[in-house]
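FYI, UniProt numbering numbers position 3 of the sequence shown as 3, with every residue one higher than the one before it. Don't be surprised by glycine CBs; every beta carbon is placed ideally from N, CA and C. A quick note: this is a predicted structure, and the numbers were derived from the prediction, not measured. Working notes for the structure below.
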Amino acid sequence: MPEDKVPKSTRPPPRPPDAAGHRAVQWGWQAIRELRDASANALPALRGDVDELWPLLWLVPSLHRSLQLLQAIHLSWMQKVWLLQHIRLLCDRLSSWLDGLDTRRSLEVLLSKRQE
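The following block contains the structure:
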(Lines of atoms letter the chains of each structure in order from A; the text may use other names.)
(Lines give C-alpha, C1' and ligand atoms only; values in the text may rest on other atoms or scores of the structure.)
Protein backbone atom coordinates (compact mmCIF):
# COMPACT_ATOMS: atom_id res chain seq x y z
CA MET A 1 0.00 0.00 0.00
CA PRO A 2 1.39 3.42 -0.87
CA GLU A 3 2.33 5.57 2.09
CA ASP A 4 0.30 8.57 0.92
CA LYS A 5 -3.05 6.73 1.28
CA VAL A 6 -4.76 6.59 4.64
CA PRO A 7 -6.49 3.28 5.35
CA LYS A 8 -10.25 3.43 5.72
CA SER A 9 -11.82 2.65 9.03
CA THR A 10 -13.36 -0.79 9.32
CA ARG A 11 -15.76 0.30 12.05
CA PRO A 12 -19.34 0.81 10.94
CA PRO A 13 -20.70 4.33 11.31
CA PRO A 14 -22.72 5.03 14.46
CA ARG A 15 -26.43 4.35 14.28
CA PRO A 16 -28.75 7.33 14.18
CA PRO A 17 -30.82 7.71 17.33
CA ASP A 18 -33.94 5.63 17.19
CA ALA A 19 -37.32 5.97 18.82
CA ALA A 20 -36.64 3.17 21.32
CA GLY A 21 -33.54 4.93 22.66
CA HIS A 22 -35.43 8.19 22.94
CA ARG A 23 -38.27 6.47 24.82
CA ALA A 24 -35.75 4.87 27.20
CA VAL A 25 -34.28 8.27 28.06
CA GLN A 26 -37.76 9.72 28.57
CA TRP A 27 -38.67 6.77 30.80
CA GLY A 28 -35.51 7.28 32.86
CA TRP A 29 -36.25 10.94 33.47
CA GLN A 30 -39.86 10.10 34.36
CA ALA A 31 -38.64 7.53 36.90
CA ILE A 32 -36.33 10.13 38.45
CA ARG A 33 -39.19 12.66 38.71
CA GLU A 34 -41.46 10.07 40.34
CA LEU A 35 -38.75 9.11 42.84
CA ARG A 36 -38.16 12.78 43.66
CA ASP A 37 -41.88 13.40 44.22
CA ALA A 38 -42.35 10.24 46.30
CA SER A 39 -39.38 11.06 48.52
CA ALA A 40 -40.54 14.66 48.93
CA ASN A 41 -43.90 13.36 50.16
CA ALA A 42 -42.40 10.71 52.46
CA LEU A 43 -39.53 12.66 54.06
CA PRO A 44 -40.19 15.33 56.66
CA ALA A 45 -39.73 18.94 55.67
CA LEU A 46 -36.94 20.74 57.53
CA ARG A 47 -36.32 24.40 58.20
CA GLY A 48 -33.20 25.99 59.59
CA ASP A 49 -29.49 25.27 59.27
CA VAL A 50 -29.91 22.06 57.27
CA ASP A 51 -26.98 22.79 54.96
CA GLU A 52 -24.62 22.98 57.94
CA LEU A 53 -26.02 19.75 59.38
CA TRP A 54 -25.75 17.82 56.13
CA PRO A 55 -22.55 15.94 57.16
CA LEU A 56 -24.31 14.80 60.33
CA LEU A 57 -27.42 13.74 58.43
CA TRP A 58 -25.27 11.73 56.02
CA LEU A 59 -22.47 10.31 58.18
CA VAL A 60 -24.35 9.15 61.28
CA PRO A 61 -26.80 6.78 59.51
CA SER A 62 -23.96 5.47 57.37
CA LEU A 63 -21.84 4.84 60.46
CA HIS A 64 -24.78 3.17 62.20
CA ARG A 65 -25.39 0.81 59.26
CA SER A 66 -21.68 0.02 58.93
CA LEU A 67 -21.44 -0.89 62.61
CA GLN A 68 -24.45 -3.18 62.21
CA LEU A 69 -22.82 -4.91 59.25
CA LEU A 70 -19.79 -5.82 61.36
CA GLN A 71 -22.01 -8.33 63.17
CA ALA A 72 -23.37 -9.86 59.96
CA ILE A 73 -22.46 -13.53 59.74
CA HIS A 74 -22.89 -13.67 55.96
CA LEU A 75 -19.99 -11.26 55.33
CA SER A 76 -16.50 -12.62 54.83
CA TRP A 77 -13.60 -11.42 56.95
CA MET A 78 -12.18 -9.52 53.96
CA GLN A 79 -15.38 -7.52 53.67
CA LYS A 80 -15.27 -6.81 57.39
CA VAL A 81 -11.68 -5.56 57.10
CA TRP A 82 -12.83 -3.17 54.36
CA LEU A 83 -15.78 -2.22 56.56
CA LEU A 84 -13.44 -1.36 59.43
CA GLN A 85 -11.49 0.94 57.10
CA HIS A 86 -14.77 2.53 55.97
CA ILE A 87 -15.85 3.03 59.60
CA ARG A 88 -12.49 4.66 60.39
CA LEU A 89 -12.93 7.10 57.51
CA LEU A 90 -16.50 7.89 58.58
CA CYS A 91 -15.32 8.54 62.15
CA ASP A 92 -12.50 10.76 60.89
CA ARG A 93 -14.89 12.81 58.76
CA LEU A 94 -17.44 13.07 61.57
CA SER A 95 -14.75 14.04 64.06
CA SER A 96 -13.32 16.73 61.79
CA TRP A 97 -16.83 18.09 61.17
CA LEU A 98 -17.49 18.24 64.92
CA ASP A 99 -14.13 19.95 65.50
CA GLY A 100 -14.98 22.55 62.87
CA LEU A 101 -18.32 23.53 64.39
CA ASP A 102 -18.57 27.04 65.71
CA THR A 103 -19.39 26.38 69.38
CA ARG A 104 -20.48 29.96 69.99
CA ARG A 105 -23.37 29.60 67.58
CA SER A 106 -26.13 27.06 68.01
CA LEU A 107 -27.66 25.31 65.03
CA GLU A 108 -31.40 25.02 64.78
CA VAL A 109 -33.34 22.63 62.60
CA LEU A 110 -37.09 22.23 62.93
CA LEU A 111 -39.58 19.90 61.36
CA SER A 112 -42.14 21.96 59.52
CA LYS A 113 -45.59 21.05 58.31
CA ARG A 114 -45.85 20.45 54.62
CA GLN A 115 -47.79 22.94 52.65
CA GLU A 116 -49.92 20.90 50.27
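Residue j beta carbon less than 8 Å from that of residue i
i	j	result
L83	L101	no
L63	L90	yes
S66	I87	yes
Proximity winner among the options, relative to residue i (alpha-carbon distances)
i	options	result
W54	R93, S39 and K8	R93
Sequence-distant residues of the same chain with beta carbon closer than 7 Å to residue i, five excluded per side
i	result
K80	L70
Those residues which DSSP pairs with residue i across a bridge
i	result
R47	L110
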